[in-house]
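> In this note's numbering, the protein residues as written are 191 to 690. There's a structure below that I have some questions on.
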Amino acid sequence: MSGKPVPEYARFCYASDDMDDRAGIDEYTAWENKILAEDSVQHLGQFVGRQMGHDGPTTFVSHTQGSYNVVFRFRLAAGGHGSDSGTSGRHVALRVPRPGHTVAALMPEKIENEVHWMQYFEEHAIAKVPHVYSWSASWDNDIGQPFILMDFMEGESLNDCLIRWLRSTDPADRKLFRTSFEQVAALYLSLDRHRFDKIGCVTRASSGAWAVTRRPLTHDMHDTAVQLRDATSPMHGWPTGPLRSAAEYQALVASMHSALQNSLRTINVPASWHVDQDKRLYCVLQEGAAIDMPRAMETARTRILSRYAFAHPDSVAFLQPQRDADRATDPLPFAIFNPDLGAQNILVDPKTAHITALIDFEYTNAMPAALARDPPLFLLPYSLEASFKLGTLSVWIEQYRPAVNAFLGILEDLEKRQHQQARDPPLSKQMRESFESMQWLVRLAYYSLDFADAVFCEQRHLLPSLDEHLLQIAIQEYQDHTKRQIALYEQELATLTRKK
Numbered sequence: 191m192s193g194k195p196v197p198e199y200a201r202f203c204y205a206s207d208d209m210d211d212r213a214g215i216d217e218y219t220a221w222e223n224k225i226l227a228e229d230s231v232q233h234l235g236q237f238v239g240r241q242m243g244h245d246g247p248t249t250f251v252s253h254t255q256g257s258y259n260v261v262f263r264f265r266l267a268a269g270g271h272g273s274d275s276g277t278s279g280r281h282v283a284l285r286v287p288r289p290g291h292t293v294a295a296l297m298p299e300k301i302e303n304e305v306h307w308m309q310y311f312e313e314h315a316i317a318k319v320p321h322v323y324s325w326s327a328s329w330d331n332d333i334g335q336p337f338i339l340m341d342f343m344e345g346e347s348l349n350d351c352l353i354r355w356l357r358s359t360d361p362a363d364r365k366l367f368r369t370s371f372e373q374v375a376a377l378y379l380s381l382d383r384h385r386f387d388k389i390g391c392v393t394r395a396s397s398g399a400w401a402v403t404r405r406p407l408t409h410d411m412h413d414t415a416v417q418l419r420d421a422t423s424p425m426h427g428w429p430t431g432p433l434r435s436a437a438e439y440q441a442l443v444a445s446m447h448s449a450l451q452n453s454l455r456t457i458n459v460p461a462s463w464h465v466d467q468d469k470r471l472y473c474v475l476q477e478g479a480a481i482d483m484p485r486a487m488e489t490a491r492t493r494i495l496s497r498y499a500f501a502h503p504d505s506v507a508f509l510q511p512q513r514d515a516d517r518a519t520d521p522l523p524f525a526i527f528n529p530d531l532g533a534q535n536i537l538v539d540p541k542t543a544h545i546t547a548l549i550d551f552e553y554t555n556a557m558p559a560a561l562a563r564d565p566p567l568f569l570l571p572y573s574l575e576a577s578f579k580l581g582t583l584s585v586w587i588e589q590y591r592p593a594v595n596a597f598l599g600i601l602e603d604l605e606k607r608q609h610q611q612a613r614d615p616p617l618s619k620q621m622r623e624s625f626e627s628m629q630w631l632v633r634l635a636y637y638s639l640d641f642a643d644a645v646f647c648e649q650r651h652l653l654p655s656l657d658e659h660l661l662q663i664a665i666q667e668y669q670d671h672t673k674r675q676i677a678l679y680e681q682e683l684a685t686l687t688r689k690k
C-alpha cells in the first residue's frame with residue numbers, strides 16, 4: 191500500500207483502548223507465572239489423574255495459548271488401576287479460561303455453552319469433536335479454575351496445511367487442497383440439517399431432548415464486555431433468555447454497536463495500520479497536537495450513519511430467508527453458527543486432508559440461518575481482517591473468488607450425491623448468490639462489529655438510505671462526545687507518560 195491512498199473504509203478499523211488492554215495483559219501475566227510454576231503444573235496433573243480415574247503417572251506434555259483459553263496437554267502413563275480402565279497412553283487436554291482476556295462474569299456461561307454444544311455435536315455425529323470427561327463452570331473445585339477436561343485431538347490446523355499446499359507445486363498437495371474443500375463442504379451440509387425455533391444456546395432436558403433454552407452469548411457480546419471493562423455496565427440490556435426473531439437479534443447488535451461507539455475512547459482517533467517483521471498487524475494512533483480533529487469528526491459522523499443503517503427495520507432482511515414465503519412459514523428459522531469455525535479451529539490429518547476434529551465452540555449459537563448460508567471465509571489462508579485494516583479488501587475478494595467458485599462446485603456435486611438439491615434453494619445456490627451480491631459482507635457486520643462501520647462505508651448502497659438531515663442532532667451530540675472522549679484519553683496518556 192506504500193504510496194497509494196488508503197481506501198476510506200480502512201479508517202473505520204479501530205484499535206481497542208491500549209491502556210485498558212494493559213490491565214488485562216498484566217492480570218494474565220501474573221496468573222500465567224503462577225499457574226506455570228512447576229508445583230502448579232504438578233498439581234494440575236494430579237487433578238487430571240483423579241478426574242480420569244487414573245492412578246498411574248500423569249505427565250505434563252505441553253501448553254498452548256489461544257485468544258481466550260490456555261490448554262494443558264497431559265499423558266496418562268501406564269501404572270495403577272487406570273491402566274486397566276483403558277486410560278493408559280491417552281492424551282487429554284485441560285482447558286481453562288485466560289484471566290484478563292475473558293470476562294470473569296461470563297466464564298461460567300462460556301464453559302457451560304461450549305460443553306453443551308460439544309455434546310450436541312458428538313451425539314448427533316455432526317463432526318468429530320473432543321469427548322468431554324468432566325467440567326466445572328465455577329471456581330469451587332480442586333484447581334480453583336473453571337475448566338473442561340477432554341480428549342486431546344490429534345491433527346494439524348487446516349490453516350497451516352492450506353498455506354503449505356497452496357505454495358506447493360506437487361500434484362499430490364493440490365489433490366489434498368481439493369480434498370480439504372470436499373471435507374468442508376460435507377461439514378457445511380451436515381451443519382445445515384439442524385434447525386431451531388429460537389436464537390441461543392442448547393441444553394439437554396431430563397428427557398434427553400435438546401432445545402434452545404438459554405440466551406445467545408456471541409463473540410461480539412464477549413468482546414464488547416472485554417473492550418469496555420471499565421465502562422458502566424457494558425452488559426446492560428443483554429437478553430436473559432433465548433431470542434425469538436431476527437429483529438430481536440438485530441436489536442441486540444444495535445445495542446452493542448452503540449455501546450462500543452459511545453464507550454471506546456479511541457474509536458475515532460485517527461490511526462494507521464502496519465505489519466511488523468513477524469507479519470503481525472499493529473496500530474499507530476495519532477497523539478496530542480498531531481490528532482486530525484476534522485478527520486475524527488468526519489469519522490464520528492459516518493459511525494452514526496452506520497449505526498442507524500444497520501439498526502434500520504429494512505436491514506433485518508439481511509438476517510432472514512431470501513424468499514418472503516419462507517419468512518412467514520418457516521417454523522425453524524435458526525441454524526448452528528459459530529464465527530470461530532475457521533481454518534485455525536479445524537484440525538486435519540495432513541496426509542489425507544480429512545478432518546480429525548473441530549475445536550473451540552464457546553461462541554456457537556443457534557442464529558439467524560442467513561448467517562450460516564454465506565460461503566466460508568477461510569478457504570484460503572489470506573486474512574480478511576488484514577485486508578480491511580490495510581485497505582486491500584478488493585484484492586482479497588478477487589483472490590478469493592476462484593476458491594469460492596471451486597468450493598461451490600464441489601458443494602453442488604455433494605448435494606446431488608446426497609440428494610439435497612431438492613431443498614429450495616439449495617445451500618450452494620444461496621452461498622453463490624450471497625457472494626456475488628456482496629450480502630455476505632453486510633452480514634459479516636452483524637457478527638463482527640469491529641468491521642461494521644467499515645462495511646457501511648464500503649457497501650453503503652446495499653443498506654437502507656437515510657435522511658441525514660433528521661440525524662443532525664444525533665451526529666452533533668456524538669461529535670461533541672467524541673471530543674470529550676479524546677480529551678480524557680489524552681489526559682490519561684499524558685499522566686501515564688509522566689509516571690514513566
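Note that CB positions come from ideal geometry on N, CA and C, so glycine has one too. Since the model is a prediction, treat every value here as computed from it, not as a measurement.
Which residue comes first and which comes last in the alpha helix (DSSP H) that contains Thr546?
Run containing Thr546: none in the alpha helix (DSSP H); it sits in the beta strand (DSSP E), Ile545 to Leu548.
> Looking only at C-alpha atoms, which of Asp413, Arg394, Ile333 and Gly334 sits nearest to Ser257?
Measuring from the Cα of Ser257, the nearest candidate turns out to be Asp413.
> Hey, Glu605 and Leu379 are a contact pair by Cβ (cut 8 Å); roughly how many whole angstroms apart?
Correct: roughly 7 Å between the Cβ atoms.
> Looking at C-alpha atoms only, which residue of Tyr472, Phe551, Gly398 and Leu495 is the closest neighbour of His651?
Of the listed residues, the one whose Cα sits closest to His651 is Leu495.
> May I ask which residues mark the beginning and end of the alpha helix (DSSP H) holding Cys351?
Start and end: Leu348 to Arg357.
> Grab me the residues of Ser396's own chain with a C-beta within less than 8 Å of its C-beta, minus the 5 sequence neighbours each way, in chain order.
There are no such residues.
> Does DSSP put Cys647 in a helix, a strand or coil?
Note: Cys647 maps to helix in three-state DSSP.
> Comparing alpha-carbon positions, which option in Leu348, Glu217, Arg265 and Gly243 lies nearest Ala294?
Considering only alpha carbons, the answer is Glu217.
> Measure from the alpha carbon of Ala576 to the alpha carbon of each residue in Ala501, Leu683, Ala480 and Val465, then state which is nearest.
Closest by alpha carbon: Val465.
> Considering just the uninterrupted stretch of the beta strand (DSSP E) at Ile536, what are its terminal residues?
Counting along the chain, the beta strand (DSSP E) containing Ile536 begins and ends at Ile536 to Val538.
> Excluding five sequence neighbours on each side, which residues of the same chain lie with their C-beta closer than 7 Å to the C-beta of Asp274?
The predicted model places Asp274 with a pLDDT of 46, which falls under 50 and marks its position as unreliable, so this point remains unresolved.
> Just to confirm my understanding: we take His663, look at its own chain, exclude 5 residues before and 5 after, and list those with CB closer than 8 Å. What are they?
The displayed chain sequence assigns Ile, not His, to residue 663. None.
> For Arg288, which of Glu588, Gln309, Ile338 and Gln232 has the nearest alpha-carbon?
When only C-alpha atoms are compared, the closest one is Ile338.
> Which residue or residues does DSSP assign as beta-bridge partners of Tyr472?
Paired residues: His464.
> If you draw a straight line from the C-alpha of Phe508 to the C-alpha of Ala562, how long is it?
Answer to the nearest angstrom: the Cα atoms are 12 Å apart.
> Closest by CA to Gly431, which one among Arg419, Leu418, Val402 and Ile457?
For Gly431, the nearest C-alpha among the options comes from Val402.
> Quick check on the DSSP output: the beta strand (DSSP E) that includes Leu284 runs from which residue to which?
It spans His281 to Pro287 - the beta strand (DSSP E) in which Leu284 sits, taken as one unbroken run.
> In chain order, what residues of the same chain lie with their CB nearer than 6 Å to the CB of Ile665, ignoring the 5 residues before and after it?
These residues qualify, in order along the chain: Arg491 and Ile494.
> According to DSSP, Cys391 sits in a beta bridge with which residue or residues?
Bridge partners of Cys391: Arg404.
> Nearest-angstrom Cα distance between His671 and Ile457?
Approximately 12 Å, taken between the alpha carbons.
> Determine, using beta-carbon pairs with one atom in the segment 525-543 and one in the segment 588-604, whether at least three such pairs fall under 8 Å.
Flag = no, the segment 525-543 and the segment 588-604 do not touch.
> Asn259: buried (16+ other C-beta within 10 angstroms of its C-beta) or exposed?
Buried, by the Cβ-count rule.
> In angstroms, rounded to a whole number, what distance separates the CA positions of Gly272 and Arg265?
Note that Gly272 has pLDDT 42, beneath the 50 cutoff, so the model's placement of it is unreliable and no number is given.
> Tell me whether Met308 counts as near the ligand NAD, meaning its Cβ is closer than 7 Å to at least one heavy atom of that ligand.
The ligand NAD is absent from the structure shown, which contains no ligand whatsoever.
> Below 8 Å, how does it come out for the segment 313-320 and the segment 356-370: are there three or more Cβ pairs, yes or no?
No, they do not touch.
> Okay, do the segment 612-626 and the segment 553-568 touch, 3+ Cβ pairs below 8 Å being the bar?
Yes, they touch.
> Buried or exposed: where does Gln608 fall if 16 or more other Cβ atoms within 10 Å of its Cβ makes it buried?
Exposed, by the Cβ-count rule.
> Which residues mark the beginning and the end of the beta strand (DSSP E) in which Thr249 is found?
From DSSP, the beta strand (DSSP E) with Thr249 extends over Thr248 to Gln255.
> Would you give the residue range spanned by the beta strand (DSSP E) that Thr324 belongs to?
What sits at residue 324 in the sequence shown is Ser, not Thr. Run containing Ser324: Val322 to Ser326, per the beta strand (DSSP E) assignment.
> Flag this pair as yes or no: are the beta carbons of Gly386 and Phe551 separated by less than 8 Å?
According to the sequence as given, residue 386 is Phe; it is not Gly. No, the pair does not count as a contact, with Cβ atoms beyond the cut-off.
> Would you call the segment 290-305 and the segment 243-252 touching, i.e. three or more CB-CB distances under 8 Å?
With a cut-off of 8 Å, the segment 243-252 and the segment 290-305 do not count as touching, because too few Cβ pairs lie within range.
> For Asn303, does the three-state DSSP call read helix, strand or coil?
In the structure shown, Asn303 sits in a helix (DSSP, three-state: H, G or I).
> What residue does the beta strand (DSSP E) around Met340 start on, and which one ends it?
Counting along the chain, the beta strand (DSSP E) containing Met340 begins and ends at Phe337 to Asp341.
> Around the Cβ of Asn223, are there at least 16 other Cβ atoms within 10 angstroms (buried) or fewer (exposed)?
With fewer than 16 Cβ atoms within 10 Å of its Cβ, Asn223 is classed as exposed.
> Given this structure, state the Cα-to-Cα distance separating Asp360 from Arg354, to the nearest angstrom.
Taking the straight line joining both Cα atoms gives about 11 Å.
> Can you check which of these residues, Ala642, Val392 and Asp657, is closest to Ile526 by C-alpha distance?
With distances taken between Cα atoms, Ile526 lies closest to Val392.
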